[in-house]
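Participant: Before I ask anything, let me first share the structure, which is written out below as structure tokens.
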Amino acid sequence: MKFEWKAKTKVFRLFCRENRREVFLLCLGAIILLALQLAADLAGTERYIVDDRGRLTAVRREAEEEMSLPLHVRLEKDGLETEENVTVYLSGEEAENLSEEKETDPLQELKDGLEELLSEIEGSSDAVIKLPGHLSDGTKITWTRQKDLSAAGCILLIPLGLFFLYRSRTEKEKQERERQVSSVRRGLPGFNDQLLLLMNSGLIFSDAFTRIAEGRAGRKEKDDFSAILEDMLRRSRETGSSLISAMESCARGLGIREFSRLTGILADNQYKGVDLAGKLEAESEILWNQRKKTAEEKGRAAETKLSFPLAVLLLVLILVTAAPAILQM
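Each residue of the sequence shown is one higher than the one before, counting from 0 in numbering that gives the first Met the number 0.
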């Protein structure tokens, strides 16, 4: 478990180094948002007046502008307590008293008293509005500012952004890997047959491989398998090593069973002189059968994915056909 954690941490550090620009922009954006939020919070502290004990006692009106003040209120009376998040709107206009008769409920009475007090506060035109500590019936009131979690949200943007960036990059690499594996498995049967035909015509392995790779490189539309063959040929020429060595190295990197098996057959022929024609013919049958099986599986998967759109189309067709008859009833 500890080894797996170290391996994942190493992969994440490598990802951060490879994507320094995106990580830097993400951190910079989060820091800017955090600075703006803190500046807004500091600017808003002038609206609140607290006593020596840090308790909120009054709010200050800013000029004649409309303003809203989010507050947290705690009411206590005869052992009954309730807490509410309220917003005081200061507009300088008298608020209408819309209180209605309600069923007698101690908790509701506390809330009704709070609503009346808020109406009085919102209707006040004073520059500094005192927040009373008690209601007229003796209910104790404790005023505090509502906790603003925007700053914490700005800080959480960094790990969340890194997570989604890492996840998107991982998904992209996974899709590229799946496309590469699919291309190799789709191209191997044809490559195997071409290799068999050219070697039966008298060409040696290196010449046959070169002709196949160069022929695929000359196509207008290249797939991943053609790019892999071209890369193996290029590395063999640059390093002066044999094509078999390049194929073995590529097989270890790809980790595709079919490609590794074909590479093993070619390596046995080059190193041990094992008969190649018979093994390539047997391998050809295996590869084509596997390609056919893969195509059938993809076809069944496509049918499953198309079942829902087909059901929707059938439902629409039924509705369109039945609508005139239903309207005439």
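Heads up, the beta-carbon is just placed ideally off N, CA and C, and yes, glycines get one too. Quantities reported herein were computed from a predicted structural model and do not represent experimental measurements.
State buried or exposed for Ile317, treating a residue as buried only when at least 16 other CB atoms are found within 10 Å of its CB.
Facilitator: Under this definition Ile317 is an exposed residue.
Participant: For Leu261, would you say it is in contact with chain C, using Cβ-to-Cβ distances shorter than 8 angstroms as the test?
Facilitator: Here there is only one protein chain, and chain C is not present.
Participant: Cβ atoms of Ser259 and Asp223: under 8 angstroms apart, would you say?
Facilitator: Their beta carbons are not under 8 angstroms apart, which means Asp223 does not touch Ser259 by this criterion.
Participant: Using the DSSP secondary-structure output, state which residues sit across from Thr138 in a beta bridge.
Facilitator: Beta-bridge pairing links Thr138 to no other residue.
Participant: Determine the extent of the alpha helix (DSSP H) in which Asp230 is found, giving its start and end residues.
Facilitator: Element bounds for Asp230: 223–238.
Participant: Using beta-carbon positions only, say whether Ala294 and Ile154 come within less than 8 angstroms of one another.
Facilitator: Not in contact: Ala294 and Ile154 (Cβ atoms no closer than 8 angstroms).
Participant: Output the distance between the C-alpha atoms of Trp287 and Asp274, rounded to the nearest integer angstrom.
Facilitator: So the two alpha carbons sit approximately 21 angstroms from each other.
Participant: Is it buried or exposed, Thr8, if we count other Cβ atoms within 10 angstroms and call 16 or more buried?
Facilitator: Exposed: under 16 other Cβ atoms inside 10 Å.
Participant: Cβ of Glu17 within 8 angstroms of Cβ of Leu164?
Facilitator: The answer is no: Cβ separation not under 8 angstroms.
Participant: Would Glu237 pass as a contact of Ala216 if the rule is Cβ separation under 8 angstroms?
Facilitator: No, Cβ-Cβ distance for Glu237 and Ala216 is not below 8 angstroms.
Participant: Quick one: what's got a C-beta closer than 6 angstroms to Leu242's C-beta in the same chain, skipping five residues either side?
Facilitator: Contacts found: Ser205, Phe208, Ser235.
Participant: Assuming the contact rule is C-beta atoms closer than 8 angstroms, Glu280 and Leu187 should be a hit. Round their C-beta distance to whole Å, please.
Facilitator: Going by Cβ atoms, the distance from Glu280 to Leu187 rounds to 14 angstroms, so no, they are not a contact pair.
Participant: Just to check my reading of the structure: Glu282 and Asn191 have Cβ atoms closer than 8 angstroms, yes? What is that Cβ distance to the nearest angstrom?
Facilitator: Going by Cβ atoms, the distance from Glu282 to Asn191 rounds to 6 angstroms, so yes, they are a contact pair.
Participant: Could you pull out every unbroken alpha helix (DSSP H) segment of at least 4 residues lying fully inside the stretch 175–220, listed in chain order?
Facilitator: For the stretch 175–220, whole alpha helix (DSSP H) runs of length 4 or above, ordered along the chain, are 204–216.
Participant: Taking Leu265 as the reference, give the member of Ser244, Val315, Ile255 with the closest Cα.
Facilitator: The option with the nearest alpha carbon to Leu265 is Ser244.
Participant: How should Val311 be labelled, buried or exposed, when 16 other C-beta atoms within 10 angstroms of its C-beta is the threshold for buried?
Facilitator: Val311 should be labelled exposed.
Participant: Can you name the start and end residues of the alpha helix (DSSP H) that Gly298 belongs to?
Facilitator: Gly298 -> alpha helix (DSSP H) spans 276–327.
Participant: DSSP puts Lys129 in a beta bridge; with which residues?
Facilitator: Note: Lys129 sits in a beta bridge opposite Ala57.
Participant: Do Ser200 and the ligand MG come close, with the Cβ less than 7 angstroms from some heavy atom?
Facilitator: Absence of the ligand MG is noted for the structure shown, with no ligands found whatsoever.
Participant: Could you check where the alpha helix (DSSP H) with Asn252 kicks off and where it finishes?
Facilitator: Asn is not the amino acid found at residue 252; the sequence shown has Gly there. Unbroken alpha helix (DSSP H) run through Gly252: 242–253.
Participant: Taking the alpha helix (DSSP H) that Gly263 belongs to, which residues open and close that run?
Facilitator: First-last of the alpha helix (DSSP H) with Gly263: 256–271.
Participant: If you check the beta carbons only, do Phe307 and Arg168 fall under 8 angstroms apart?
Facilitator: No, the pair does not count as a contact, with Cβ atoms beyond the cut-off.
Participant: Just to confirm before moving on: does the CB-CB distance between Leu117 and Val85 stay below 8 angstroms?
Facilitator: It is a contact, given that the beta carbons lie within the stated cut-off.
Participant: To the nearest angstrom, report how far apart Thr262 and Lys271 are at their CA atoms.
Facilitator: Straight-line Cα distance between these residues: approximately 14 angstroms.
Participant: When the distance is taken between beta carbons, is Ile255 closer than 8 angstroms to Arg184?
Facilitator: Contact: yes.
Participant: Can you tell me the Cβ-Cβ gap for Leu197 and Ala212, rounded? I've got them flagged as a contact below 8 angstroms.
Facilitator: In fact, because the Cβ distance is near 12 angstroms, the residues do not count as touching under 8 angstroms.
Participant: In whole angstroms, what separates the C-alpha of Glu93 from that of Glu75?
Facilitator: At Glu93, the pLDDT of 42 sits below 50, so the modelled position is not reliable and the matter cannot be decided from this model.
Participant: I believe Leu159 touches Leu32 by the beta-carbon criterion, under 8 angstroms. Please report the beta-carbon distance rounded to the nearest angstrom.
Facilitator: That pair is no contact at about 13 angstroms.
Participant: Which residue from Val72, Met246, Ala226 puts its Cα closest to that of Asp267?
Facilitator: Looking at the Cα atoms, Met246 is the closest of the given residues.
Participant: Which residues in the same chain have their Cβ closer than 7 angstroms to the Cβ of Lys278, if we skip the five residues on either side of it in sequence?
Facilitator: Contacts found: Ile264.
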